[in-house]
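To keep things clear, I will list the structure first and then write my remarks on it.
There are 4 protein chains.
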Amino acid sequence: MKKLRMGMIGGGIGAFIGDAHRRASRICNDFELVGGVFDADYEKSKEFAKKEGISPDRCYKTVDEFINAETKMAADKRIEVVAIVTPNALHYPFAKSLLMNGFHLVCEKPMTMTVDEALELEKLVAKHKLTFALTHTYTGYPMVRQMRDIIASGALGTIQRIDAQYYQGWINSIIHGTDSRITGVWRLDPKHAGASSCMGDIGVHAFNLIEYTTGLEVKEVLSDLSSVTEDIKLDLDGTVLLRFGKLLKGVIRASQVCGGEENGITIAVYGSKASLKWGQENPNYLYMLSDTEPTKTFKPAHGYNGKNAEAGHTMPAGHPEGIYEALANIYKGTAKSIRGEEFDPCEFPTVHDGVRGMKFIHAVVDSNKAGNTWMKV
Amino acid sequence: MKKLRMGMIGGGIGAFIGDAHRRASRICNDFELVGGVFDADYEKSKEFAKKEGISPDRCYKTVDEFINAETKMAADKRIEVVAIVTPNALHYPFAKSLLMNGFHLVCEKPMTMTVDEALELEKLVAKHKLTFALTHTYTGYPMVRQMRDIIASGALGTIQRIDAQYYQGWINSIIHGTDSRITGVWRLDPKHAGASSCMGDIGVHAFNLIEYTTGLEVKEVLSDLSSVTEDIKLDLDGTVLLRFGKLLKGVIRASQVCGGEENGITIAVYGSKASLKWGQENPNYLYMLSDTEPTKTFKPAHGYNGKNAEAGHTMPAGHPEGIYEALANIYKGTAKSIRGEEFDPCEFPTVHDGVRGMKFIHAVVDSNKAGNTWMKV
Amino acid sequence: MKKLRMGMIGGGIGAFIGDAHRRASRICNDFELVGGVFDADYEKSKEFAKKEGISPDRCYKTVDEFINAETKMAADKRIEVVAIVTPNALHYPFAKSLLMNGFHLVCEKPMTMTVDEALELEKLVAKHKLTFALTHTYTGYPMVRQMRDIIASGALGTIQRIDAQYYQGWINSIIHGTDSRITGVWRLDPKHAGASSCMGDIGVHAFNLIEYTTGLEVKEVLSDLSSVTEDIKLDLDGTVLLRFGKLLKGVIRASQVCGGEENGITIAVYGSKASLKWGQENPNYLYMLSDTEPTKTFKPAHGYNGKNAEAGHTMPAGHPEGIYEALANIYKGTAKSIRGEEFDPCEFPTVHDGVRGMKFIHAVVDSNKAGNTWMKV
Amino acid sequence: MKKLRMGMIGGGIGAFIGDAHRRASRICNDFELVGGVFDADYEKSKEFAKKEGISPDRCYKTVDEFINAETKMAADKRIEVVAIVTPNALHYPFAKSLLMNGFHLVCEKPMTMTVDEALELEKLVAKHKLTFALTHTYTGYPMVRQMRDIIASGALGTIQRIDAQYYQGWINSIIHGTDSRITGVWRLDPKHAGASSCMGDIGVHAFNLIEYTTGLEVKEVLSDLSSVTEDIKLDLDGTVLLRFGKLLKGVIRASQVCGGEENGITIAVYGSKASLKWGQENPNYLYMLSDTEPTKTFKPAHGYNGKNAEAGHTMPAGHPEGIYEALANIYKGTAKSIRGEEFDPCEFPTVHDGVRGMKFIHAVVDSNKAGNTWMKV
């Protein structure tokens, strides 16, 4: 099948999230990155394009130039979809221009800086009939989709409480001065990050996960935010009370100063008949609790899951999807060896490992045949 | 950087392991699949090549034809490396021919059917100075590499016991007749699977993991294998006693009939000073036990790990590598939408989710500013 | 050592918490139950006394009668300490009378119905120089004491966030009518339970656990409570925002309608240098998180713990304290057998199990001596 | 109900297992310790008796003297049951004498030194119609009994593999000389420990657990034992292959040198339809695995368990039995306070904690009533 021609705004050398988008697009195998504006610094942008094998004439100086050039190309050459992976404040202006010129978009969150900007983008998407994907990545996990399906089926009865958490600790090393390497400090500057650090960056993921899995809308919030130290202007931590309707309440807890927490996004939905719990750090485990039955653990790649969960997991049961990256690591070491680059012996198993393996298998079979006696390997 | 031109033998439509190799090669981004013999059935092979966007003239009927045609190509066109992902019995003849004709290889395990074949491949690799990678995929996990590094550092003291397990349950549904869909039944036929089913397919992974992490060689084995039912000829289950030297002993337990076990490969190495435990189903957790200190849990993406572990993990701490697949799922849904294909609303978050998110963030910030009062979302 | 003579108010036949107090007092072996008012119904009280082997003349009709009789006894006969295990509303009047008459007290929580009552008891305790223990049982766990010690040592740096949870689901079966057996319904009646159900019964445990482990005082709260259904008068669920000082905030989440949750009390204290997490359902695991070091798991019965933790754990490492109950179950079965009562063969291992064990040990030793050959058991 | 009069042989000051027996007997509340031979050293024995509140004239010098004196007492005074908690080598002679004189016995394992001794005790028990309980304590756990019931029900289908483990690390500190405090060194001396250290002390528990839960008999064993260092005479480590019948095999792995392992006894029974896994360190979790359904976690105190499991758990769901010890710790601190002994403020919650709790509850209720505003505590 023909791959979709993709452009990218941002995501040049050293950008973590741009690399994630490229890897994901290669994994799903429906996209081909062919151009973009990878860095505000044009020289760095070109350097990136070269490294990535992208044609230099599709490495543009600005988004305007990108739009100008690409819209003039023949329909079967033109970039069809653009991934926006810039700092928060640039999402809106770039998204607007690109939508108005007919590009489908994949956009990092938070989508914009203000609600009005967000509403405007929504109108543009509708008007131009374009696809706009916002990367609330956690909704791509198979067991999150299974959770949504189970809740939609009514199996939980009346929902009685919703509790979501998103705890990280990485800002500790910045605000306490032990780590100046981390590049994320634009997140603490209202000009680049918007109205909020913690809630805008991660709280909103927890919010999205609640609405995604339950199909409910949060009606009202009451929040208590904290900037933890006196000199920081944005929230680094907070608790948000939620109201969904007359009786249903919930809570979101989010923090960037929970030292030692890594990426602790969890959700629990409690119903009158059963409850569901999921956590991102072990994403293949979905727990269904009940007062009257043993706790059930749902895992991917089983006939008992719905089709949306199953479509999202391509490995057999018990193989976390990260096994592709393990295999990719071995491919990476192999590539180094073929190219004559330096590599560590640990990076891929060689033919000698194969010899050892065959000796093992045959010694094992022989020992068994000989009535369980010792055999040399 | 120029990608390595890769060919593939086997791995056509419906082949699970071939797809895994292709995904991994795309993730690491050093390889480009340009040709191969994807299926013994030429029509199916061509169908696969078309689907994958591979040029029809590099979809070959046989491995001989593949070698013939590719070796005649110019050096900058010729396939440099070949992935062999056929059933076990074909690994050896194909690997031999390909090595003799100068192709680097990535080969599935078990490498061959006999020890002599394995030794022959080892000689060929040395003679032709080629790269040969055997995909003991589990050695690609960051925390397995960390385990190797810690053991190499001597931190465990004298190793006193080694215990590895590989328990699966999938053959249950075949031998008890409840599932005829599973395609793996060639594994029960000695002609295709070789001398062993359980030990050849999975026991050997446990064996490799022991030698990889400890740097030790298994000297002798005593095994007790079981075919579980009377009519099966190969082992589906077994225990193997291990001797490493005068005092050090260990055990490998492997089974394909442990109903409900998914892919339970684990390893524990016990030393006089400390011990290490790792399990594949939660691959980001490496446990270091000690009699005198709290148990330590090592996780990827931290400064305390060695460089081999860190090079193998590209996400920040707390993001299991499978998150790339979650993001890929969202890209997949987006591609469907752009192409006008049918998709489920759960498959990607839209601009409307972005609007909801912005409303949430601003309501939260406003509630806090207003002295913790309720705000509409 | 002479045991302390204990009385009990409440806790007769069928009372769960009274039985817990008696078991605990027998385990620690410093108390002997010699009298009390075990039930408002005198006949039931006497029946209980008889069953328990308590002298009938120390089974009193009322607390007044109890006080009257006991205070007249000789100092070396008189009950010294009284455990109050009645419904909430009776704690205060009984505690007051008993304190005024010189009895030490062990009292179930919540201590009283109002703050004024609580302050009055505090004054009485001071005035009469008596010991008053309130059974916030969770503070008796070794790893909770270790948590307190670690925090007191300053190892966490500045505390930045505190998060405690107490989720149960048992009221579900009552409010949704699927279970009428459960006796706790007095908890839903303000007359007996006081101002609150969920917060008074379990939220207060979470509150106590925070103050106990951190040594901090909660200064202000903002709560959002829910009665879940329209006809219930008390809270069954709620979230409480906490303020400890200028910068430190926290949250308590408590609920009795989280279906499937059993007794999910957890606490997390996040500091600038390290963090601690503990959960009651696996009470022997205390997790210390850090941004720069592997997560450490503290367990009881190790030299690395402080003396308060170690004093509270009497088993070697790896033996959960519940193993005493496992052994008690075997003693119970043995008692049935000695008394000629009916028992299930599963209730205790017999001499035949001993024979099997000896055969096993000797067959194992013989097999090894004979060079690893099969031996009959 | 009248308590059974119990004697004890061994278990004096400093003896861990004797204390465990006494606690267990107090918890189940069916026994009263009234005499014994607590130490080979009569002075120490008397010191223990005094401390325990046991009448000095029932603290005997020898077992013979014990038997002599007790058998002469009136039937309603005489000790009925004796707990033998001496080193291994003394179990047999004492058990024999006591059985021949009509005492019921609770005996520590391993029951004897030889198979012949074991068979002789079995005959004596039958002849004298006495109760003999061997303390394979792990069979007292509720979820072990549930496992036995589930297997007996046939729910697993045909059993296909059995795997039990018992890993400890405590001997490390002895054989490597880092700890000379540990008193268990008699376990390394064949004269006191018998034919085996590791298998006799802990392997036999794993063996018993297999036969207890499955109802199957081990027919044959093949073992490979290790003494780890050259100067130790007994096994400290080993693997035992098991045969149950024509097709069913299994394995026991046991070790005392798995550094950092605490008391890692686990069992897994794999069947054609489902499988069960249990581990002692988290004894309230019994996992049922299946190829076709989500993993089920059974926990105590639920209607879905059988009566044997339920009879053995006296707390509500989610309360590990160890909570009694937590409460006992609070009682212990209270006793210290009442007696005027020194105690740490962490040892029991006082009336001040009660005041804090009442303030919290009322501030929470008031905040909610006032429309979710801040209230002072």
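Taken in order, these protein sequences are the chains called L, C, R and W. With our numbering applied, the first sequence closes on residue 377, and no number is skipped along the way. With our numbering applied, the second sequence closes on residue 1377, and no number is skipped along the way. With our numbering applied, the third sequence closes on residue 2377, and no number is skipped along the way. With our numbering applied, the fourth sequence closes on residue 3377, and no number is skipped along the way. Virtual Cβ for every residue (Gly too), placed ideally from N, Cα, C.
Quick one: does residue i have its CB under 8 Å from some CB of chain L?
{"i": "W:F3360", "result": "no"}
{"i": "W:L3222", "result": "yes"}
{"i": "W:P3316", "result": "no"}
{"i": "C:W1278", "result": "no"}
From the DSSP output, in three-state form, read off residue i for me.
{"i": "C:V1377", "result": "coil"}
{"i": "C:L1188", "result": "helix"}
{"i": "R:S2180", "result": "Model confidence at R:S2180 stands at a pLDDT of 47, short of 50, so the residue's coordinates are unreliable; what they give is reported in the following sentence. Three-state DSSP puts R:S2180 in coil, outside helix and strand."}
{"i": "W:I3013", "result": "coil"}
{"i": "C:G1250", "result": "strand"}
{"i": "R:E2220", "result": "strand"}
{"i": "L:L237", "result": "For the record, residue 237 of chain L in the displayed sequence is Asp; it is not Leu. Correct three-state label for L:D237: strand."}
{"i": "L:A89", "result": "helix"}
{"i": "W:L3156", "result": "coil"}
{"i": "W:S3197", "result": "coil"}
{"i": "R:F2132", "result": "strand"}
{"i": "W:R3339", "result": "coil"}
{"i": "W:N3282", "result": "coil"}
Nearest to residue i by CA position, among the options, is which residue?
{"i": "C:Q1280", "options": "C:L1209, C:T1314, C:I1175", "result": "C:L1209"}
{"i": "C:A1015", "options": "C:D1076, C:C1028, C:R1078, C:E1108", "result": "C:E1108"}
{"i": "C:I1150", "options": "C:G1010, C:K1307, C:G1354, C:N1368", "result": "C:K1307"}
{"i": "R:D2231", "options": "L:I79, L:D235, L:L247, L:P294", "result": "L:L247"}
{"i": "C:S1173", "options": "C:F1048, C:Q1256, C:L1241", "result": "C:Q1256"}
{"i": "R:M2147", "options": "R:V2240, R:T2214, R:G2012, R:E2342", "result": "R:T2214"}
{"i": "R:T2139", "options": "W:C3346, W:V3351, W:M3375", "result": "W:C3346"}
{"i": "W:N3088", "options": "W:L3134, W:F3343, W:V3377, W:I3330", "result": "W:L3134"}
{"i": "L:L4", "options": "L:D76, L:V37, L:T71", "result": "L:D76"}
Name the one or two DSSP bridge partners that residue i has.
{"i": "R:C2059", "result": "R:G2036"}
{"i": "C:G1006", "result": "In the sequence on display, residue 1006 of chain C carries Met and not Gly. C:L1033, C:V1081, per the DSSP bridge assignment."}
{"i": "C:H967", "result": "Residue 967 of chain C is absent from the model: chain C starts at 1001 and stops at 1377."}
{"i": "C:V1269", "result": "C:I1162, C:L1276"}
{"i": "R:M2288", "result": "R:L2276, R:K2296"}
{"i": "R:S2226", "result": "R:D2237"}
{"i": "R:Y2167", "result": "R:S2255, R:G2264"}
{"i": "L:R379", "result": "With chain L covering 1 to 377 only, the question about residue 379 of chain L has no answer from this structure."}
Determine whether the Cβ of residue i lies closer than 8 Å to any Cβ atom of chain C.
{"i": "R:K2369", "result": "no"}
What is the C-beta distance between residue i and residue j, in whole angstroms, given that I count them as a contact (C-beta under 8 Å)?
{"i": "W:V3204", "j": "R:F2348", "result": "Actually they do not touch by this definition, with Cβ atoms about 16 Å apart."}
{"i": "C:S1197", "j": "C:L1236", "result": "6 Å"}
{"i": "L:F207", "j": "C:G1357", "result": "7 Å"}
{"i": "C:I1175", "j": "C:G1271", "result": "With 8 Å as the limit, C:I1175 and C:G1271 do not qualify as a contact, their Cβ atoms being about 39 Å apart."}
Would you say residue i touches the ligand PLP, meaning its beta carbon is less than 7 Å from a heavy atom?
{"i": "R:V2085", "result": "Of the ligands one can find in the structure shown there are none, so the ligand PLP has no counterpart to examine."}
Residue i CB to nearest chain R CB: under 8 Å?
{"i": "W:D3353", "result": "yes"}
{"i": "L:G169", "result": "yes"}
{"i": "L:Y285", "result": "no"}
Against chain W, with Cβ distances strictly below 8 Å, would residue i count as a contact?
{"i": "L:T239", "result": "no"}
{"i": "C:G1429", "result": "The structure shown has nothing for residue 1429 of chain C, since chain C only spans 1001 to 1377."}
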